[in-house]
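Trainee: If you use the numbering used here, the sequence shown corresponds to residues 825 to 987, in order. Glycine included, every Cβ here is placed at the ideal spot set by N, Cα and C.
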Amino acid sequence: MILSVAVTATVMYRIERHKQKAAAEQARRSSSSKAKHMPAEEVPDEPAPPPPKPPKVTVLGPAAKEHLAEKSFISSLRAAFLWRSSQPKSPETDRVFLEKLSAITVDDLPPERKSAWLSLLDAWKALGNPAKAEDPQIKEQGRRAAESLNLMFKAHGDLDLVF
825 MILSVAVTAT
835 VMYRIERHKQ
845 KAAAEQARRS
855 SSSKAKHMPA
865 EEVPDEPAPP
875 PPKPPKVTVL
885 GPAAKEHLAE
895 KSFISSLRAA
905 FLWRSSQPKS
915 PETDRVFLEK
925 LSAITVDDLP
935 PERKSAWLSL
945 LDAWKALGNP
955 AKAEDPQIKE
965 QGRRAAESLN
975 LMFKAHGDLD
985 LVF
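#1: Is it buried or exposed, E894, if we count other Cβ atoms within 10 angstroms and call 16 or more buried?
#2: Report, in whole angstroms, the separation of the C-beta atoms of I898 and H980, which I expect to be a contact under 8 Å.
#3: Would you give the residue range spanned by the alpha helix (DSSP H) that K895 belongs to?
#4: Tell me, to the nearest whole angstrom, how far the beta carbon of K949 is from that of L973; I am working on the premise that it is less than 8 Å.
#5: Do you know how far the Cα of M976 is from the Cα of D982?
#6: For E916, report the span of its alpha helix (DSSP H) as first-last.
#7: Between the segment 879 to 894 and the segment 912 to 926, can you find at least three pairs of beta-carbon atoms closer than 8 Å?
#8: Can the beta-carbon of A957 be found less than 8 Å from the beta-carbon of L925?
#9: So, at 6 Å on beta carbons, what are the nonlocal neighbours of A969 in its own chain, with the 5 sequence-adjacent residues on each side left out?
Now the structure itself:
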């Protein structure tokens, strides 16, 4: 008799346990199918992706702008001198060279560098004119402008460019 009670209890336990598992499985199925068949407004929203980050904008200070303008100016000068060194010596080449130098952008340079460059350019153009070539005032103007620009070259580490 004890054996039959033990067997009956074991069977009932297994039946009850099977019912619990079936109920849990049914609940899981119904909740997942319910979510599939819910209208769009009832479907729980997934978290929205974060908004895109705004692009980084680099704001340059005046010193950095000046530095970049001077580096660009030096690069343009270097290109003009490189062109000149690959050309035969002639008055036409000198004229084209001065045109190339005149075309170099100086708008972003600091005022003292800009005026020094324009002064040196004017002196070179005047020295190309035989009537003004021996004028000591023009030579002095060119020398002062060249000194100012040489300081800029030295400050940027461009010691191979010297006027």
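Mentor: The short version:
#1: Taking all protein chains in view, the Cβ of E894 is crowded by 16 or more other Cβ atoms within 10 Å, so the residue is classified as buried.
#2: The beta carbons of I898 and H980 sit about 6 Å from each other, so the pair counts as a contact at 8 Å.
#3: P886 to S909 is the extent of the alpha helix (DSSP H) around K895.
#4: Not quite, the Cβ-Cβ distance comes to about 16 Å (not below 8 Å), so this is no contact.
#5: Whole-angstrom Cα-Cα distance: 8 Å.
#6: Element bounds for E916: P915 to S926.
#7: Using a C-beta cut-off of 8 Å, the segment 912 to 926 makes no contact with the segment 879 to 894, since fewer than three inter-stretch Cβ pairs fall below that distance.
#8: The beta carbons of A957 and L925 sit no closer together than 8 Å.
#9: Taken in chain order, the residues that qualify are A940, S943 and L944.
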